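Asks: My questions will all concern the structure given below.
Protein chains in written order, with this note's numbering: chain A, -13 to 99; chain B, 163 to 276.
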């Protein structure tokens, strides 16, 4: 019963490439989030969105952008990938007025070479 | 903005012992405090949460306590089992409807030795 799906589990890209990470949820959640997870640093928020076509910067937005054209899909874009963006990327969604909890995707392990 | 500190970063216990993980937060307006468990290679999953109008919450072998005055909250796991081995994350938010962002601690790697 996977409810938050990230399109790729593992991804290898070259420095300077434009990279798209896709996240789709089927729970009709209004809110979607992108975090990156690095050892010893926990989960850090990159961008989030409360509604279609809305976006808010998180704590580490530099080098990233996002797109939310449909309620169920939230895309993270690395405009020009760099080696310091090698990381695990986690997408999550939540319901406004709901239990407050996030549902996470399985993550995308991105390696930039 | 909110800052969440989590200790210890690693914790090793014997099966059957108790484990305690502590977190402090900086924003007194935070009112929602969830805990997530992430097993190796898997997604984080919510295991328990507490809101600021409650001091303690239990669910079988796990419990969370909240001290609003001191701005800290803790996760307690009793009778630990090997399957409790995972990374645990605390988080805080000022959620009024589930839309506020969560700020996470850096995680605690718990190892339960058989």
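Idealized CB from N, CA, C, for every residue including glycine.
The model shown is predicted, which means the values in this text are computed figures rather than measured ones.
Hey, is residue 272 of chain B's beta-carbon within less than 8 Å of any beta-carbon in chain A?
Replies: no
Asks: Does the Cβ-Cβ distance between residue 64 of chain A and residue 20 of chain A come in under 8 Å?
Replies: no
Asks: Residue 90 of chain A touches chain B at which residues, Cβ-Cβ below 7 Å?
Replies: 205, 206
Asks: Does residue 49 of chain A have its Cβ less than 8 Å from a Cβ in chain B?
Replies: no
Asks: Note down, in chain order, each residue of its chain lying with its Cβ closer than 8 Å to the Cβ of residue 177 of chain B, except the 5 sequence neighbours on either side.
Replies: Cβ neighbours of residue 177 of chain B beyond the five flanking positions: 242, 243, 244, 274, 275, 276.
Asks: Can you give me the Cβ contacts of residue 174 of chain B inside the same chain, cut-off strictly under 6 Å, excluding the 5 residues immediately before and after it?
Replies: 273
Asks: Quick one, are the C-beta atoms of residue 11 of chain A and residue 48 of chain A less than 8 Å apart?
Replies: no
Asks: Nearest-angstrom Cα distance between residue 81 of chain A and residue 0 of chain A?
Replies: 36 Å
Asks: Could I get the ranges of all uninterrupted beta strand (DSSP E) runs contained in the region 164 to 194 of chain B, with 3 residues as the minimum, in chain order?
Replies: If we require 3 residues or more, the beta strand (DSSP E) runs fully inside the region 164 to 194 of chain B come out as 166 to 169, 172 to 176, 181 to 187.
Asks: Can you give the Cα-Cα distance for residue 185 of chain B and residue 271 of chain B, rounded to whole angstroms?
Replies: 14 Å
Asks: Under 8 Å between the Cβ atoms of residue 214 of chain B and residue 228 of chain B?
Replies: yes
Asks: Please confirm whether residue 8 of chain A and residue -7 of chain A have their CB atoms less than 8 Å apart.
Replies: Taking the C-beta atoms as reference points, residue -7 of chain A is found nearer than 8 Å to residue 8 of chain A.
Asks: To which residues does DSSP link residue 114 of chain B through a beta bridge?
Replies: Lying outside 163 to 276, the shown extent of chain B, residue 114 of chain B is not represented and no answer is given.
Asks: Report yes or no: is there a C-beta of chain A within less than 8 Å of the C-beta of residue 170 of chain B?
Replies: No - not a single Cβ of chain A is within 8 Å of the one on residue 170 of chain B.
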